[in-house]
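Novice:
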Amino acid sequence: KREWQLSTIQLDFNLPERFNMSYVGEDGKNHTPYIIHRATFGSIERFTGVWLEHIQGVIPTWLSPVQVALLPIADRHAEAAQKINSELIKIGIRSEVNAKQETLQSKIREATLQKVPFMGIIGDKEMAQKEHTLSVRTREGKDLGQLNLSHFLVKVKEEIDKKA
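In structure tokens:
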């Protein structure tokens, strides 16, 4: 079992001297006080680090900094990915396009390592459809198949609304 130190209590002997703090004791003489510092969690950063380690970096979709990674297979698919990205951002979904000159597998690997909840792949098959279509994968590696943009938006919004 792992133990975490989140809260601290410290006695400070330096600050009272630095600020020339004193009090008059029962003996009528000046004395230097001690300052007791307490921190419930130590720091927000420490708490966040413990939490991220506990959940192994799998941030819930509603809180994830990037909720959707759009992955165009080739340069010719990048414009369609940018249009879909604009639609997602317009309705409040945090998304990014990875238009790097890399293989699709590299792009999927990068999004998976970043633990992005959803990946939307855009290639020739998806562009051949009448409306915007994506091949969708989850960060867990589950293939949701081809979804048109409206169905995909519903799926992502449902996941965000769970707040779990």
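In our numbering, the protein residues as written are 38 to 201.
The beta carbon of each residue, even a glycine, is placed where N, CA and C say it ideally should be.
Grab the span of the beta strand (DSSP E) containing H114 for me, first residue to last.
Specialist: That residue, H114, is in no beta strand (DSSP E); it is neither H nor E in DSSP.
Novice: Let me know the secondary structure DSSP gives V103 once reduced to three states.
Specialist: The answer is coil: DSSP assigns V103 none of H, G, I, E or B.
Novice: Closest to L108 by CA distance: which of L48, Q119, H188 is it?
Specialist: Cα-wise, what sits closest to L108 is Q119.
Novice: What's the C-alpha gap between L48 and W41?
Specialist: So the two alpha carbons sit approximately 21 Å from each other.
Novice: For the alpha helix (DSSP H) that contains Y169, what are its first and last residues?
Specialist: Note on identity: in this sequence residue 169 is His, with Tyr being the wrong assignment. Counting along the chain, H169 falls outside any alpha helix (DSSP H), and DSSP gives it neither H nor E.
Novice: Measuring CB atoms only, is the region 124-132 touching the region 181-201, in the sense that at least three cross pairs come out at less than 8 Å?
Specialist: Judged by Cβ distances under 8 Å, the region 124-132 makes contact with the region 181-201, as three or more pairs qualify.
Novice: Taking L89 as the reference, give the member of I158, K152, A76, L181 with the closest Cα.
Specialist: Taking only the C-alpha atoms, the option nearest L89 is K152.
Novice: Between A106, T45, E63, S101, which lies nearest to A76 when the distance is taken from Cα to Cα?
Specialist: For A76, the nearest C-alpha among the options comes from T45.
Novice: E168: buried (16+ other C-beta within 10 angstroms of its C-beta) or exposed?
Specialist: Under this definition E168 is an exposed residue.
Novice: Can you find at least 3 beta carbon pairs, one from the region 152-161 and one from the region 96-107, that sit closer than 8 Å?
Specialist: Cβ pair count under 8 Å is three or more, so yes.
Novice: Using 8 Å for Cβ pairs, my map puts N185 next to T175. What's the rounded Cβ distance?
Specialist: Contact doesn't hold; Cβ gap of about 18 Å is too wide.
Novice: Please classify N57: does DSSP put it in a helix, a strand, or coil?
Specialist: In this structure, N57 counts as coil in the three-state DSSP scheme.
Novice: Using a 10 Å radius around the Cβ and a threshold of 16 neighbouring Cβ atoms, would you call H68 buried or exposed?
Specialist: Exposed, because fewer than 16 other Cβ atoms sit within 10 Å of the Cβ of H68.
Novice: Helix or strand or just coil, what does DSSP make of G157?
Specialist: In this structure, G157 counts as strand in the three-state DSSP scheme.
Novice: Let me know the secondary structure DSSP gives Q142 once reduced to three states.
Specialist: Reduced to three states, the DSSP call for Q142 is helix.
Novice: The beta strand (DSSP E) that contains I72, what's its start and end?
Specialist: Element bounds for I72: 72-76.
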